[in-house]
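Report on one structure; see the data block that follows.
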Amino acid sequence: MRTSLCLFAALTLAAVLALFLCFGAVRADAADADWQICALEGEEAALQGLTLSLAYHSGDHLYWQSDVPLDGGAQRTAFRTSLQRLSAPYERDVRANLYAYADFGVSVSGGELDVREMEKEGQMAAPLADLAEEARESGAYLDAAARDRARESAAALFIGAEDPAAVATVDLSDSYDFVPFHFELSVPDAACIVSEEDEQALRAFFRVPVPEGTLADVAVELDAQGRLVGGEVHAR
410 MRTSLCLFAA LTLAAVLALF LCFGAVRADA ADADWQICAL EGEEAALQGL TLSLAYHSGD
470 HLYWQSDVPL DGGAQRTAFR TSLQRLSAPY ERDVRANLYA YADFGVSVSG GELDVREMEK
530 EGQMAAPLAD LAEEARESGA YLDAAARDRA RESAAALFIG AEDPAAVATV DLSDSYDFVP
590 FHFELSVPDA ACIVSEEDEQ ALRAFFRVPV PEGTLADVAV ELDAQGRLVG GEVHAR
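Position in the sequence shown (first residue = 1) + 409 = my numbering.
Here it is in structure tokens:
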């Protein structure tokens, strides 16, 4: 019995030591984050003095909080790990958060769609308007055979539109030179609204190009009067 207890204690101690050694190896490698800055548009000099804060987690056990100077300065990454599940990452003294949204996956239906308002909210809806206009001009949305072909195409592309009038694969760079971001500002204990003028200024500053060959599958639904009442955009 004494031999069994000693063996059990030795195995337990070995397991604990191995666990701590693995944890130390994880910390050593994981904490050494290296972010590469690549300017795709605009003047690199405009990045002077700007720092990007990035927060990532894995399974609520590993947390990274990186501060990356966009002008090439020294990067800082704080790494936190725990065997117990953590409910929140690092607490930071944040004065304001600016969020940028761009929805490359659109699925809408019900009533006539306002493409302009959808674009304001960061939904890439311009391909819906373009394809709907093509369907109106060709009259395909009134052709039963054309609608049957559209349904078959939608099913083949795994598009869920129930009664598409037209389906196509488009290049998003034909509709957008830059990603049409929608911005929201969050300030503690304050209600903030980003005006249309401010949003245009922010879009002009944060210009992320849409590369040629960025494909998306698009389907539109039109009513009997040719109004756009539903559609889907799925970037590949």
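Note that CB positions come from ideal geometry on N, CA and C, so glycine has one too.
Beta bridge counterpart(s) of residue i as assigned by DSSP
i, result
"Gln474", "Ala464 and Ala487"
"Gly640", "Val517 and Val629"
7 Å Cβ cutoff met for residue i and residue j
i, j, result
"Glu686", "Ala570", "Beyond the ends of the chain as shown, which are 410 and 645, falls residue 686; an answer cannot be given."
"Leu459", "Ser475", "no"
"Val629", "Leu537", "yes"
"Leu461", "Leu449", "no"
"Arg494", "Tyr472", "no"
"Ser518", "Gly622", "no"
"Arg545", "Phe587", "no"
"Ala511", "Gly531", "yes"
"Leu540", "Val627", "yes"
"Ala559", "Val576", "yes"
"Ala625", "Leu566", "no"
"Ala574", "Leu637", "no"
Whole-number beta carbon distance between residue j and residue i, since they are thought to touch under 8 Å
i, j, result
"Glu528", "Ala534", "6 Å"
"Phe513", "Ala633", "About 31 Å separates the two Cβ atoms, so there is no contact after all."
"Ile368", "Gly481", "Residue 368 is absent from the model: the chain starts at 410 and stops at 645."
For residue i, the nearest candidate out of the options (CA to CA)
i, options, result
"Val603", "Tyr550, His591 and Glu561", "His591"
"Leu594", "Leu581, Ser584 and Leu611", "Leu611"
"Trp444", "Gln484, Ala625, Gln457 and Asp572", "Gln484"
"Glu453", "His466, Glu606, Phe614 and Tyr465", "Phe614"
"Ala487", "Tyr465, Cys447 and Asp583", "Tyr465"
"His470", "Leu492, Ala442 and Gly451", "Leu492"
"Gly635", "Gly468, Asp552, Pro589 and Ser584", "Asp552"
"Ala442", "Val477, Ala455 and Ser467", "Val477"
"Val515", "Ile568, Asp572 and Arg556", "Ile568"
beta-carbon residue i near the ligand NAD non-hydrogen atom, thresh 6 Å
i, result
"Ala541", "Within the structure as shown, the ligand NAD is missing, as the structure has no ligands at all."
Pick out the complete alpha helix (DSSP H) segments inside the region 564–635, 4 residues or longer, and give them in chain order. Qualifying alpha helix (DSSP H) stretches, in chain order: 605–614.
Please give me, in chain order, every unbroken run of the alpha helix (DSSP H) with length at least 4 that falls completely inside the region 491–562. 524–529 and 535–547, all fully within the region 491–562.
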